[in-house]
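Visitor: When the count follows my numbering, it moves up by one through the sequence shown with no breaks and lands on 586 for the last residue.
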Amino acid sequence: MSKEDEYVANAAEKEIGDLERVVTAPQLPGEKDEEVVRTETAASERLPFSKARCVALVTTIAAAPFLSTMAVQASVIILPTIGEALDIPTSRQQWIVSAYSLTFGCFLLLWGRLADVYGKRMIFLWGSVAFTITSIVPPFITNEIGFDIFRGLQGLAAAAMAPTALGILGVTFPPGKAKDIAFGCFGAGAPLGGIFGNIFGGVVGEYLDWKWVFWIFGIVSGISTIASYLVIPVPPPQPEPVMRNTVDWIGGTLITVGLIILLFALSEGNVVGWSTPWVPVLIVVSLLLVVAFGFWQHYLETKTQKRPLMKMSIFKNGKFTAANVLMALFFSSFNNYLIFATYWFQDFQGLSVIQTTIRFIPTGVTGVLVATITGQLLSRIPGDIILTFSTISVSMSSLLFAIPIPVHATYWAYGFPAMVLSVCGADTIFPVLTLFVAKTLPSEDASLGGALITAVGQIGRAIGLAIATAVQTAIIAKEKGVDVDKIGSEGHGLEPWDDALKVGIRGTAWFNFGMSLASTVVVVVFIRGIGIIGGKGKSKR
Numbered sequence: 046m047s048k049e050d051e052y053v054a055n056a057a058e059k060e061i062g063d064l065e066r067v068v069t070a071p072q073l074p075g076e077k078d079e080e081v082v083r084t085e086t087a088a089s090e091r092l093p094f095s096k097a098r099c100v101a102l103v104t105t106i107a108a109a110p111f112l113s114t115m116a117v118q119a120s121v122i123i124l125p126t127i128g129e130a131l132d133i134p135t136s137r138q139q140w141i142v143s144a145y146s147l148t149f150g151c152f153l154l155l156w157g158r159l160a161d162v163y164g165k166r167m168i169f170l171w172g173s174v175a176f177t178i179t180s181i182v183p184p185f186i187t188n189e190i191g192f193d194i195f196r197g198l199q200g201l202a203a204a205a206m207a208p209t210a211l212g213i214l215g216v217t218f219p220p221g222k223a224k225d226i227a228f229g230c231f232g233a234g235a236p237l238g239g240i241f242g243n244i245f246g247g248v249v250g251e252y253l254d255w256k257w258v259f260w261i262f263g264i265v266s267g268i269s270t271i272a273s274y275l276v277i278p279v280p281p282p283q284p285e286p287v288m289r290n291t292v293d294w295i296g297g298t299l300i301t302v303g304l305i306i307l308l309f310a311l312s313e314g315n316v317v318g319w320s321t322p323w324v325p326v327l328i329v330v331s332l333l334l335v336v337a338f339g340f341w342q343h344y345l346e347t348k349t350q351k352r353p354l355m356k357m358s359i360f361k362n363g364k365f366t367a368a369n370v371l372m373a374l375f376f377s378s379f380n381n382y383l384i385f386a387t388y389w390f391q392d393f394q395g396l397s398v399i400q401t402t403i404r405f406i407p408t409g410v411t412g413v414l415v416a417t418i419t420g421q422l423l424s425r426i427p428g429d430i431i432l433t434f435s436t437i438s439v440s441m442s443s444l445l446f447a448i449p450i451p452v453h454a455t456y457w458a459y460g461f462p463a464m465v466l467s468v469c470g471a472d473t474i475f476p477v478l479t480l481f482v483a484k485t486l487p488s489e490d491a492s493l494g495g496a497l498i499t500a501v502g503q504i505g506r507a508i509g510l511a512i513a514t515a516v517q518t519a520i521i522a523k524e525k526g527v528d529v530d531k532i533g534s535e536g537h538g539l540e541p542w543d544d545a546l547k548v549g550i551r552g553t554a555w556f557n558f559g560m561s562l563a564s565t566v567v568v569v570v571f572i573r574g575i576g577i578i579g580g581k582g583k584s585k586r
């Protein structure tokens, strides 16, 4: 155990000891142990460094989830623009988003383990440097494959920052008010990145060039990297750990290669045709690798002393398992909604990037409002009620784009309510699920559960988008009366207001509606009755 971890463990042990004294000692009503009062007061007021350095530290750490989320959303709004610049057909544009999400999700747990072995500060700084480089380089690449590879590397770098950032805050700030504020700022980073990502991408893409979206990311990330190097405390020296034997490289390889092969097969099926022999073969191989990963993790956990990348026993908790399924289904639907709404406005209606951005502004405004009240709702409304509201909201967003509303209908009739409802769902479901996981799992599994549910959400985005793109391509091919591979590789001359494009996007909206409806079923059947999870509420396992 590192000295950082010992510090956290000792602090937690002291808090538990204080709590035990309060519970077991006989006291009069209203009386409280004076030593506990002094301990709580000192902890809540004590800062590990000067106030200025603490502010700088929290700001640079919170920049990690802000930039990593913004990198996804900003690319969504300029997806058609990048596709046109690099001559990427619509059926393969999803790789620009999916490559990032897939590597982010696959490597989240592995980076967390590497941080335990090599140190949180080192891994965070390496991730931040890599994110800077992989943000600056892609605009210079003029071919599709190279661009997608660097997007994957960018997601890999972002995954290194996510678990280590949270760990740095955890070991730096003692329990108390300062720590609450630090974690609150960190928690706001990802939602704010999502809110401003579309607006930033649209404005920069319209008035500068889509390349500047990435270059500005690189500049900001570079500044953040330098600041992080200066303000993140250097941990005390520790004995050289036995490194290679404590990291599950085999498990990391199995799950990453398996999911990448699956995504590749689902995507390329649109291009070469689903009857091509190697497509189903790759799908089977990918599924076998994922299953092998599960067996390997079970073997490490039950038969060896080596720490697995993911404890399979954690899934014995039925509600936790259901929460992961819910996360994958929901964010698959939500992510698809945002992307295909972009296609509707830009590809079908022929609107410019900035005109599309204006139509996404309600997501930002609504997101800020919802974020301010969600914390209050968690301590007043049962979690399963909030989750049901979240899933139904996103279902309605997809449904508004699926039903045959006249194509020249005003944006306020379908687009505006869909945007508002989608964010109402997304900005309420994530805090509920993360808090639910923290309260449902034993304390020793809470960190793994939180990282896992985030990873599942990212992987769900990537796989769901691949399937939705396959649905769209198949529908367009049917409408055009051509083979799927013609649409996948050539686009077959699709222009704004093309009926085939309209039917294809609406078909994916029905698919997204089905995914979000399935997530509602998961809540109603498997997560019902969890009770109030915020405040002093205790979720029911």
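The C-beta atom is built at its ideal place from N, Cα and C for all residues, glycine as well. Fair warning: this is a prediction, and the values are worked out from it, not measured in the lab.
Are the segment 244 to 253 and the segment 385 to 405 touching by the rule of at least three beta carbon pairs closer than 8 Å?
Guide: Here the segment 244 to 253 makes contact with the segment 385 to 405; the two share three or more CB pairs at distances below 8 Å.
Visitor: Pop quiz: Thr514 and Gln139 are said to be a contact at Cβ under 8 Å. What is the actual Cβ separation, rounded to whole angstroms?
Guide: As a working mapping, residue 514 is identified with position 469 in the sequence shown. As a working mapping, residue 139 is identified with position 94 in the sequence shown. Confirmed, Cβ separation roughly 5 Å.
Visitor: Between which two residues does the alpha helix (DSSP H) harbouring Ala337 extend?
Guide: Working through the sequence shown from its first residue, we reach residue 337 at position 292. It spans 323 to 348 - the alpha helix (DSSP H) in which Ala337 sits, taken as one unbroken run.
Visitor: With a threshold of 7 Å on Cβ separation, who are the neighbours of Gly314 within its own chain once the five nearest residues in sequence on each side are excluded?
Guide: Within the sequence shown, the letter at position 269 stands for residue 314. So the list reads Val324, Ala515, once near-sequence residues are dropped.
Visitor: Kindly indicate which residue of Ile520, Gly157, Val465 has the alpha-carbon position closest to the one of Leu20.
Guide: Because the chain spans 46 through 586 in this model, residue 20 falls outside it and cannot be assessed.
Visitor: Assign Trp140 to one of three DSSP states: helix, strand, or coil.
Guide: Start at 1 with the first residue of the sequence shown, and residue 140 comes out as number 95. Reduced to three states, the DSSP call for Trp140 is helix.
Visitor: Helix, strand or coil for Phe192, going by three-state DSSP, please let me know.
Guide: Locating residue 192 in the sequence shown gives position 147, counting from the first residue. Three-state DSSP puts Phe192 in a helix.
Visitor: For Phe558 and Ala447, which I take to be in contact (beta-carbon distance under 8 Å), what is that distance rounded to the nearest angstrom?
Guide: By 1-based counting over the sequence shown, the position of residue 558 is 513. By 1-based counting over the sequence shown, the position of residue 447 is 402. Contact annotation, Phe558 with Ala447: C-beta distance approximately 6 Å; criterion of less than 8 Å satisfied.
Visitor: Which same chain residues, not among the five before or five after Phe379, have their C-beta less than 6 Å away from its C-beta?
Guide: Working through the sequence shown from its first residue, we reach residue 379 at position 334. Here the set comprises Val439, Ala471.
Visitor: If I measure Cβ to Cβ from Val465 and keep anything under 6 Å in the same chain, skipping five residues before and after, which residues do I get?
Guide: Start at 1 with the first residue of the sequence shown, and residue 465 comes out as number 420. So the list reads Pro407, Thr411, once near-sequence residues are dropped.
Visitor: Which residue wins for smallest C-alpha separation from Thr518, given the options Ala97, Pro134, Thr105?
Guide: The residue you call residue 518 lines up with position 473 of the sequence shown. It is Pro134 whose Cα lies nearest to the Cα of Thr518.
Visitor: Going by Cα to Cα distance, which pick from Ile226, Gly263, Arg137 is closest to Ile178?
Guide: Taking the first residue of the sequence shown as position 1, residue 178 is located at position 133. Nearest C-alpha to Ile178: Gly263.
Visitor: Please identify the residue among Leu510, Pro476, Ala463 whose C-alpha is closest to the C-alpha of Gly234.
Guide: As a working note, residue 234 is residue 189 in the sequence shown. Selected option, being the one with the closest Cα: Pro476.
Visitor: Should the segment 453 to 462 be called in touch with the segment 552 to 572, which here means at least 3 C-beta pairs below 8 Å?
Guide: Contact between the segment 453 to 462 and the segment 552 to 572 is absent, because fewer than three Cβ pairs lie under 8 Å.
Visitor: Is DSSP giving Gly267 helix, strand or coil here?
Guide: As a position in the sequence shown, residue 267 is number 222, starting the count at 1. Here Gly267 sits in helix by DSSP.
Visitor: If you draw a straight line from the C-alpha of Ile168 to the C-alpha of Leu493, how long is it?
Guide: In the sequence shown, residue 168 corresponds to position 123, counting from 1. In the sequence shown, residue 493 corresponds to position 448, counting from 1. Whole-angstrom Cα-Cα distance: 18 Å.
Visitor: Who are the near neighbours of Gly212 in its chain, counting only those whose CB is closer than 7 Å to its CB and skipping five residues on each side?
Guide: Taking the sequence shown and counting its residues from 1, one reaches residue 212 at position 167. Only Ala160, Lys165 meet the Cβ criterion.
Visitor: Write down the C-beta distance between Ala483 and Gly495 rounded to the nearest angstrom, noting that I regard them as a contact closer than 8 Å.
Guide: The residue labelled residue 483 in the question sits at position 438 within the sequence shown. The residue labelled residue 495 in the question sits at position 450 within the sequence shown. Ala483 to Gly495, Cβ: 7 Å. Contact.
Visitor: Between which two residues does the alpha helix (DSSP H) harbouring Gly172 extend?
Guide: Position 127 of the sequence shown, counted from the first residue, corresponds to residue 172. Where Gly172 is concerned, the enclosing alpha helix (DSSP H) stretches over 165 to 181.
Visitor: How close, in whole Å, do the beta carbons of Leu354 and Leu154 come, if the pair is a contact with beta carbons under 8 Å?
Guide: Within the sequence shown, numbered from 1, the residue matching residue 354 stands at position 309. Within the sequence shown, numbered from 1, the residue matching residue 154 stands at position 109. Right, the Cβ-Cβ distance comes to about 5 Å (below 8 Å), so this counts as a contact.
Visitor: Tell me where the alpha helix (DSSP H) around Ser377 begins and ends.
Guide: One-based indexing of the sequence shown puts residue 377 at position 332. Run containing Ser377: 363 to 388, per the alpha helix (DSSP H) assignment.
Visitor: Leu237 to Thr473, Cα distance in whole Å?
Guide: As a first step, residue 237 is located in the sequence shown; it is residue number 192 there, counting from the start. As a first step, residue 473 is located in the sequence shown; it is residue number 428 there, counting from the start. Computed Cα separation, rounded: 14 Å.
Visitor: For Leu539, collect the residues of the same chain with a Cβ closer than 6 Å to its Cβ; drop the 5 residues on either side in sequence, then sort them by chain order.
Guide: By one-based count along the sequence shown, residue 539 stands at place 494. Answer for Leu539: Leu546, listed in chain order.
Visitor: For Gly509 and Thr105, I'd like the C-alpha separation in whole angstroms.
Guide: Here residue 509 is taken as the residue at index 464 of the sequence shown, counted from 1. Here residue 105 is taken as the residue at index 60 of the sequence shown, counted from 1. Distance between the alpha carbons of Gly509 and Thr105: 32 Å.
Visitor: Between the beta-carbon of Phe149 and the beta-carbon of Ala203, is there less than 7 Å?
Guide: One-based indexing of the sequence shown puts residue 149 at position 104. One-based indexing of the sequence shown puts residue 203 at position 158. At a Cβ-Cβ threshold of 7 Å, Phe149 and Ala203 count as neighbours.
Visitor: What number of angstroms, rounded off, separates the C-alpha of Phe571 from the C-alpha of Leu374?
Guide: Numbered from its first residue, the sequence shown carries residue 571 at position 526. Numbered from its first residue, the sequence shown carries residue 374 at position 329. Those two C-alpha atoms are separated by around 14 Å.
Visitor: In this structure, how does DSSP classify Ile578 when only helix, strand and coil are distinguished?
Guide: Translated into positions along the sequence shown, residue 578 becomes position 533. DSSP places Ile578 in coil when its eight states are reduced to three.
Visitor: Answer yes if the segment 338 to 346 comes into contact with the segment 288 to 303, meaning at least three C-beta pairs across the two stretches below 8 Å, and no otherwise.
Guide: yes
Visitor: For Gln108, which residues of its own chain have a beta-carbon under 6 Å away from its beta-carbon, when the five flanking residues on both sides are left out?
Guide: The residue labelled residue 108 in the question sits at position 63 within the sequence shown. The displayed chain sequence assigns Ala, not Gln, to residue 108. Same-chain partners within the cutoff: Ser269.
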